[in-house]
Structures are given as structure tokens and as C-alpha cells.
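Report on one structure; see the data block that follows.
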Amino acid sequence: MTGAVGLGTSALVQDDDILLAVRDLKKHFPVKEGALQQVVGQVKAVDGVSFDLRRGETVGLVGESGCGKTTLGRCVSGLTDPTFGGVYFSLPTDKRRQLDELLALPAGLRTESDQANLARLEESHRVDVMKGDAWRRYRRNCQVVFQESFASLNPRQLIKDIVGRPLRVHKEASGSDLTEKVVELLEQVGLGRQHLYRYPHQFSGGQRQRISIARALALDPELVVLDEPTSALDVSVQAQILNLLHELQTERGLTYLFITHDLSVVRHMADRIVVMYVGKVAEKGPTDVIFNRPEHPYTDALLASSPEFDRSTVSMQALEGSIPDPARPPQGCRFHTRCPVATPACGWEVDDVVLWLEDVEGTFEDLHSVSRNDAFDAWLTFDDQGGAQRLAAALRTDAIPAAMQAALEEVTVDEARVRIRFAEVDEVQLTARGPNHQAACVLDRSGSRPQN
Amino acid sequence: MSLAGADSATQPTERVAVASVEDLRVHFRSKAGTVHAVDGVSFDIADGETLGLVGETGCGKSVTARSFLRLVPMPPGIQAGGSIMFRPHRSCSACRGEGCEVCRHSGRVPEACQACSGTGCEKCEQTGQHTVDLLTLSEKQLQDIRGNRIAMIFQDPGKALNPALPIRDQVAEVFYQHRTHDLLADAGLDDAGPLLIRRATLKTRRFEDAILALPPLRARRNKLMAAVDTRIADALAETQIPNPRKVMDRYPHELSGGMRQRVMIAQALACDPDLLIADEPTTALDVTVQARILELVRELQQRHKTSVLYISHDLSLVREVCDRIAVMYAGRIVEVAATESIFDDPRHPYTQGLLAAIPAATHERGALVAIAGNVPELIDPPPACRFAGRCDYEASACRENDPTLAQVAPAHDVACFIHHPAPGEERNPSFDRPLR
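As given, the protein sequences belong to chains V and E, one line each in that order. Just so we're aligned, residue 1 is where the first sequence starts under the numbering used here, counting upward by one. Just so we're aligned, residue 1001 is where the second sequence starts under the numbering used here, counting upward by one.
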């Protein structure tokens, strides 16, 4: 076994026993405009995410709001269909190797037999393609616990009906048998027979979350997607729920995909962590590596900005700016607009000039139009010559970061027009940083850090 | 005790609490009975300090905060007793709010008591400072304090800002309400006619606005509007909003959550209040934004020497911003102490439970120390310790008597029989022998 051995369940986790594989998953939402509802753009909520979930482990998915973690959770649980790529459930090891080989081939180079093999694999294992028995099996084995227990429990149904519903739908039990099974489930989550004939509003937040967990466990699933299960709860109740989740995991060998923005919770619960930023994975690796030796500046920033209970000195550091628009994600590394250690190779583009200088008064007030050749190269037309010269001058001052200045290849002033051209940079890919540890950053810190 | 006198700069004056809450009781009428949401809460907020009010959902911390400005709807609320004494300040006359020795660089000095002009009398509890009870003040007098001397930041800036008004109009309201004469002075309109004065209090009707837009008055009105805009821009710039003149014209939905919270803070600090009540100001925000807002609140607090009542359910957050912490449970304060004492030496079993429940790196998974049970119903509670039933150390004394806050160490008050004897009880609970 490689990687970190967590404090809890992970002793039983087999490195090769993969329950769920996510491959290059993309989910784009169209942006529609006007009376005809023309599609004018795509919000790239999830934009090429790959990771594996091993049987019996907990993977934490962290990121700011709007980074696509909930959308990813919904794709994994089959609540929405991905735009591209897929979620593969319960692939045996040989079939997974075959799948990875097939997916590695560009679509044009696949032979007919490859195509047929891929189609066969997808039909029985890809979540959004599978049908019939495979689909039913998946629905039983993947359950979700949502953040808002108020919204996810039907206020007009009794607890018995809410928790018993999955059993009825899958024809597991009926009549008094069903009632007994529901009582058993309620007892497992710390409730009891006296709660059977009550409505959700009669419970406190923590109890409602217990009911959600009981419902998710009704069909004895293998995988539970936990979408911020404790965000709406108080710390003392959160502790109860986290203990319960851990207990159930050890008892039943559950696999958790734990979506949260709370780093102290994820450190406590997860064996491995996937850090997302604007639809992409910034870094993934074992929990203790992510917390002790992060490789991505975004992970640093997240760690620095969360107030920590067991830290004696006050050293909260804030991150500049806000999360970029996922409809127009930044080029290169998506974090470069906020990164404190950005380099010229991080993908500076024309939009960044606007982002930095729009708050400097008098720079863009008389901007007339922008004609782009691509994201790195554009002509900005001003109303008069003065505007163009002001912009060109501003680009030479330290109003913009030094890294951006270094990446600037051309600034030409032609009367009232300015041409801005940056060095073209490809999207930054995830690279290996250690056993099971990957980060998408152009910088490599492993060389500069003493190994121990 | 003399105020702003010539000799007060040399002799250090005793710091008087800017607000003292005494036995505050706010109840709510419900079908099942009277809910004792806040039941005998007492605490002081010293001048210039940040006091954290921590507790779980439903413990009454927001109701306590809202009582300061009488924002609790009555009915169903009932003001069942207690007082909130508030000592308003005014701009320092020695430095005109710039900050000097006399006002300890805060630009504000306490207002002298009107009855005794600063020598100390019954009415001002011998402090010599003008003291008002916020709970019995007339609505009109309270309006002068609300948003002016006491300001509030709400939890969700998306809900607290008016979605139909641009930022300019929302921030301007504060100035129109409380700074009319300063606005007119800024604009150089000391001899303004009644119509302009009405405009500067935002009381003009539509036809009056039309008259003001006519040439004879237009120039003067525009001067006034320019003065308002400058004030708004300054207030927004104070909270580090880039390019405030542009942000002024936007609507709340055009701003990000962090920006909206900054606008709220700008609005709250516009009149340089003596007391700022922050009701979970970062709960609705992301961690990265939260860190920036906290930093901002801390920095502004230090610069303006404003007293802050910081309400939160997150202990680790409160640790970063507060000087002192009051822990609330079921409508009562169970422990008050300096931040370090609360974290290093918690005395009340509930505080200990809260601290242990936070997942830390050292906790083994599945072994978080959760407090057993649920928060009790607050409908007509019996005279017993509210934490009895969830407490590991409870004794018969806890079920029959109501512990009150008492000092157990310097500046450390706890309401628990472990630390002080229960009346007529021989056997008190102790940490050494858990009875359950």
C-alpha cells in the first residue's frame, strides 16, 4: 500500500480495488440570451476532472463555492448527465486498464473493434449510458446525502415513508416487514421507533440529517455522495454526525465522496483529497500530504485562509480577488489571476489587463471596442489617442504584476488603438509530485524542499 | 471622571463600559407556552474592545444583539425585563474627530451626563457620562442612535441590502438621516433654504424634487449631491472597495458576496459608531473571502477604536478577532472570560464540550467528543441549570438550583456549581468524579 495510511478505515483499502472511476468529466451549462434563447456561451462548471474512488475509502472534494464540486457530485451520483467524459462504476481492474488504453487514443485513431469494445464497456459501466439491470444496480449502490436536510426531505411525508421509500421502489420490503426495516435503519443512526410517525419539521437539524443518512443507507449502498452534510449544523452536532458517518463506514465498508468547503472537517474525515478550482482539479493527493506539503499555491491559500482551532498564532492570510467567471475561465493555469507566486508562464491574457486596470480610474472609461485575434492577442480601440497612450503607459508601471509584464510580448500604439499580445501558453496539466500526489502548477517545489 | 477637560489628558481616566446589558429577558409567546429565548443575560462591552458572543443555533445570541436596536418584533416578542445601558459618544472637540491625546486617538469622547454635567450622579451611575436605556428610549430618540451611534452588520448581505436600490442610495440614507448639517456644510450651503434642508434629510416629495431641478436651485442642489457622493465614496473606500465611484452606481446583485459585505460594513461605519454589532458577518461567505472580511473588520476596529459585539457560532473564528468571549447556552451566558482563558482554561462543561467538538488534526477519526443530547426546549423552563441533562458532571444541585454567573478567576466568570457552591447543598458536582 502506498500513500498515507489514515487514522481510521484506510487500513482495509486496497490500492487497486477501484469502485468508481471518473474520466475527463465535463459538465457545461449553456448560457441563453434574448427572446429566442440563443446559446451565447457555456458555463464550464466541471471542465475535465479525473480521479478514482477506491472501495472503502473517503475522498474529500474541496474548493470555494462555484468551483463545481456540487455539480461533480451530481454527475457522479447520476442526477445529471455529463456533457463529455464519464463516470465508470465498478470496473474490474483488467477492464479499467482496457478503458484507459482506449480513452488514451484520440477518437480519430480508434479502429472499429476499439469502438465496439469501448461501446461495450460503456454500456455496462458508464453511469450516463448504462441501462436496465446495470442502471438499477447503480442506483441502488450510489446514494446521496444533501446539504439542506430541510429541502431534501418531503415535508408532507412521514419519516416512515421517507426512509422506507427506497425499499418500496426497489421492492425490498412491504407491510410490517418494511416498518421493521425502517426501525432498524433509524436505530442505526441513533433514532428510534418513536420517530416513525413524525414529519420532518418536528426534528432538529442534526436529527434531520440523521434521517437523510438513514434513507441513503436503506438499500445498503456501496458508495455515498455526501454533499456538505454538516455545513448547516452546529459544531457539537457536527461532531455527532461525523462520528456516526465514520461508524457506519467501518461497519458497512462504505465508500464516501465527501464534498465540503470546511478544511478541518475534510482533514478529519478524508483519506485522500481533491482540491478543485473553477471546474478543474488543482491538486489531489493523500490528506496528510495535502495538508503538510501542498504543491499548489491555491491549496496554500485555502489552508492559510481557514481559521484553525489548534493553531496558537493568528496568521490568517487572505486571497486577493474573487473566483473567475467559469463561462470564461482564465487561460493557462486558472489560478494565475489570484496567485501570489504567478510566473510569466502561467497564461497571462488580454482579459487580465482589463481585470487589473479597470479599477484604476481613467484607464478604460473611453474604451470603444476590442477586437480579439485570440485570448492572448487583441486590439483595443479607444475614443481618442490619449486613452491608448494612457493604457500603454499603465502597462509599463507596477499597476500590473511583474509576471504579467514579463509575459507581455508586444504593446503597439497605433493612434487610438493599442495592440496587446502575450506569450501563448497551453493549459497547465496535472503532473505527478509524489506517490498518488498530483498538482497542476508550473512551479515544482519538490526540488527546493528538503525531503524527509 | 471629567470629560474632555484640560487635565484629563494627563491623568488616565477609567474606562467605562460603552454598553452594559443587565438581566436582559426577551420572551416569545407561542402556542405551546412562553419561550424564554433570552433569560437573564448580563454583560458589559468595554470601550474599544471586541466582545465575542458564541453559542449554538437557537441559544438567543441574535435576539440579544437585536435587542440593542429594538429590532425584535413585539409581538410575538415580549420584553420581559432587564436593561441595556448605552453611553453614546460625540466627536472630540479638541481635534474635530482627527484623533488626539484627549480622545485616545479615536476621535470620539463620551458625552457628558445632562443631569450633572459630568460630575457623576444617580442618573449616570456615577460615571458622569450620558447614559440611556435602549429598551425604554422613545422611538424618536432611538432613531438618532440606530445607525449613528450603534450600527449593525447582518449575516447575509444578499438579503440585508435592498435589491431595488443602487449602492449609492443605500449608503446615502445613513448620511441623510444622521449627518444632514455636515452635508450642508460640506456643500458650502450654510444658508440653505427649507427645500434644500428637506432634500438633505431625504424628505422631499416628487414635486419638490422637480422644483429643485429648476435652474435657480439646481446648482445648489447639485452641490449638495456632490457632497453626498464624496461622503459615500469615502465610506466605500474605507472598506477597501476599489474604484468606489463606479461601485456606487451598481445594484447589489452586480456585486460578489464579499463586496456586498464590504458595502454593509461601509454603511455601518459611515457615521463612526461607538458600537458595532456584527451578527455572523462571514457565515454566508467562502473561507478565502471570510479571511479578508475578518481582516478588514479587525483593521477598522483598531483604527476607529470602535467597540464591537461579534456574534458567531464558530469558536475558531471568534478566537481570531475577539478580546473577550461570552459563551451562551439556552438563553443564558454560561461563561465570560478573555479569549485566551476561554481557550486555554475553559471552566464550564459546555464550553469544554464545544471546544472538544471541533475536529482537529490530533483527533482520531470517529472519536470526536460530541455533547450528548439536544438543546432543551425553552418553553417555561424549570429553575435548574439549563445544561443539566447533557452535562457529564451533573449533581442533584444542578437539577434544583439555577447557577448564576460568578467570578472564579480574575476577569473570568462562570455559571456552574462546580466552581461555586449551590445554595443549601452539601455535595457539589466536580470534574474529578463524573456522576453519570
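Backbone N, C-alpha and C fix where the C-beta goes; we use that ideal spot for every residue, glycine too. Note that the structure is a prediction, hence the values are computed from the model and not measured.
What does Ala301/V touch in chain E if you count any residue whose Cβ is under 7 Å from its own?
The contact set of Ala301/V on chain E, defined by CB atoms closer than 7 Å, consists of Thr1288 in chain order.
Leaving out five residues before and five after Asn1177/E in sequence, what residues of the same chain have Cβ atoms less than 8 Å from its Cβ?
The residue you asked about is not Asn; residue 1177/E is Gln in the sequence shown. If you ignore the 5 residues before and after Gln1177/E, its C-beta comes within less than 8 Å of the C-beta of Gln1143, Gly1147, Asn1148, Thr1201, Leu1202, all in its own chain and listed in chain order.
Exercise for review: Rounded to whole angstroms, what's the CA-CA distance from Ser65/V to Ala232/V? Just pull it up for me.
Suggested key: Going from the Cα of Ser65/V to the Cα of Ala232/V covers about 15 Å.
Would you say Val1228/E and Phe1175/E are within 8 Å of each other, going by their C-beta atoms?
Val1228/E is a Cβ neighbour of Phe1175/E, given a cutoff of 8 Å.
**Study point:** Reduced DSSP category for Trp348/V - H, G, I as helix; E, B as strand; rest coil
**Key:** Coil, per DSSP.
| said: Here's the rule I'm using: 16 or more other beta-carbon atoms within 10 Å means buried, otherwise exposed. How should His1419/E be labelled? | reply: Buried, because 16 or more other Cβ atoms sit within 10 Å of the Cβ of His1419/E.
Top-ranked residue by Cα proximity to Cys339/V, from Ala440/V, Pro307/V, Phe422/V:
Distances from the CA of Cys339/V to each of Ala440/V, Pro307/V, Phe422/V were compared; the closest alpha carbon is that of Ala440/V.
Does Val1308/E have its Cβ less than 8 Å from a Cβ in chain V?
Taking a beta-carbon distance threshold of 8 Å, Val1308/E does not count as an interface residue toward chain V.
Cβ shell of Thr230/V (< 7 Å), same chain only, five flanking positions each side left out
For Thr230/V, where only same-chain residues beyond five positions count, the Cβ hits under 7 Å are Gln238, Ile241, Leu242, Val265.
- Task: Determine, using beta-carbon pairs with one atom in the stretch 114-131 of chain V and one in the stretch 83-90 of chain V, whether at least three such pairs fall under 8 Å.
- Result: Contact between the stretch 114-131 of chain V and the stretch 83-90 of chain V is present, because at least three Cβ pairs lie under 8 Å.
Specify the secondary structure class of Ile400/V as computed by DSSP and reduced to three states. In this structure, Ile400/V counts as coil in the three-state DSSP scheme.
Q: Spell out whether any CB of chain C is found under 8 Å from the CB atom of Gly1258/E.
A: Among the chains of the structure shown, chain C does not appear; the protein chains present are V and E.
Q.
With a threshold of 8 Å between beta carbons, is Arg1347/E in contact with chain V?
A. No, no contact with chain V.
**OP:** Using DSSP bridges, identify the partner residues of Ile1325/E.
**Re:** BP columns for Ile1325/E point to Gly1052/E, Ala1337/E.
### Query
In the structure shown, what three-state DSSP assignment does Glu64/V receive?
In the three-state scheme derived from DSSP, where H, G and I count as helix and E and B as strand, Glu64/V is classed as coil.
For this session: Report yes or no: do the stretch 319-329 of chain V and the stretch 253-267 of chain V share at least 3 C-beta pairs separated by less than 8 Å?
Result: No contact exists between the stretch 319-329 of chain V and the stretch 253-267 of chain V.
So is Pro1075/E in contact with chain V if we call contact Cβ pairs under 8 Å?
Not an interface residue.
Problem set entry | Contacting positions in the stretch 1049-1061 of chain E - beta carbon closer than 8 Å to chain V | So the close ones are Glu1056, Thr1057.
Notebook entry, point to check: For Gly1331/E versus Val1054/E, is the C-beta spacing smaller than 8 Å?
Noted result: Taking 8 Å as the cut-off, the beta carbon of Gly1331/E is found no closer than this to the beta carbon of Val1054/E.
TODO: Using the Cα positions of Tyr1310/E and Asp1274/E, report the straight-line distance between them to the nearest angstrom.
DONE: Each residue's Cα considered, the two are about 14 Å apart.
- Item | Cβ shell of Phe1154/E (< 6 Å), same chain only, five flanking positions each side left out | Once the five neighbours on either side are set aside, the close Cβ partners of Phe1154/E are Ala1160, Asp1279.
* Would you please verify whether the beta carbon of Leu1317/E is less than 8 Å from any beta carbon of chain V? => Yes, Leu1317/E lies at the interface with chain V (some Cβ there is under 8 Å from its Cβ).
Item checked: Under 8 Å between C-beta atoms of Ile1150/E and Val1247/E -> Result no, Cβ atoms of Ile1150/E and Val1247/E do not sit closer than 8 Å.
- Query: Does DSSP put Ser369/V in a helix, in a strand, or in coil?
  - Reply: Three-state result, Ser369/V: strand.
Sequence-distant residues of its chain with Cβ nearer than 6 Å to Ser1106/E (five each side left out)
For Ser1106/E, same chain residues with a beta-carbon under 6 Å away, outside a window of 5 residues either side, are Lys1305 in chain order.
Mind pulling the chain V residues with CB within less than 7 Å of Arg1221/E? Those do not exist, as Arg1221/E stays about 25 Å from chain V at its closest Cβ, beyond 7 Å.
Contacts of Pro1376/E in chain V (Cβ-Cβ under 8 Å): Simply none; closest approach about 11 Å.
- Task: Would you tell me roughly how many angstroms separate the C-alpha atoms of Arg1205/E and Arg1179/E, rounded to the nearest one?
- Result: For Arg1205/E and Arg1179/E, the distance between alpha carbons rounds to 20 Å.
Name the two residues that bound the continuous alpha helix (DSSP H) containing Glu180/V. Residues 175-188.
Applying the criterion that 16 or more other CB atoms from any shown protein chain within 10 Å of the CB defines a buried residue, is Asp227/V buried or exposed? Looking at its Cβ environment, which holds 16 or more other Cβ atoms inside 10 Å, Asp227/V is buried.
### Euclidean distance between Cα positions of Val428/V and Tyr277/V
In a straight line, the C-alpha of Val428/V is about 13 Å away from that of Tyr277/V.
Quiz item: Taking Cβ positions only, does Ser212/V come closer than 8 Å to chain E?
Solution: Taking Cβ atoms only, chain E never reaches closer than 8 Å to Ser212/V, which makes this a no.
Q. How is Val278/V classed by DSSP in three states: helix, strand or coil?
A. In the structure shown, the three-state DSSP call for Val278/V is coil.
Worksheet item: Going by DSSP, which residues form a beta bridge with Ser1030/E?
Response: According to DSSP, which records beta bridges pairwise, Ser1030/E is partnered with Gly1033/E.
Expressed to the nearest angstrom, what Euclidean distance is found between the alpha-carbon atoms of Cys1059/E and Pro1073/E? C-alpha separation (whole angstroms): 18 Å.
Checklist entry - For Asp325/V, which option in Leu1378/E, Pro1110/E, Leu1255/E has the closest C-alpha, if you only look at C-alpha atoms? => result Distances from the CA of Asp325/V to each of Leu1378/E, Pro1110/E, Leu1255/E were compared; the closest alpha carbon is that of Leu1255/E.
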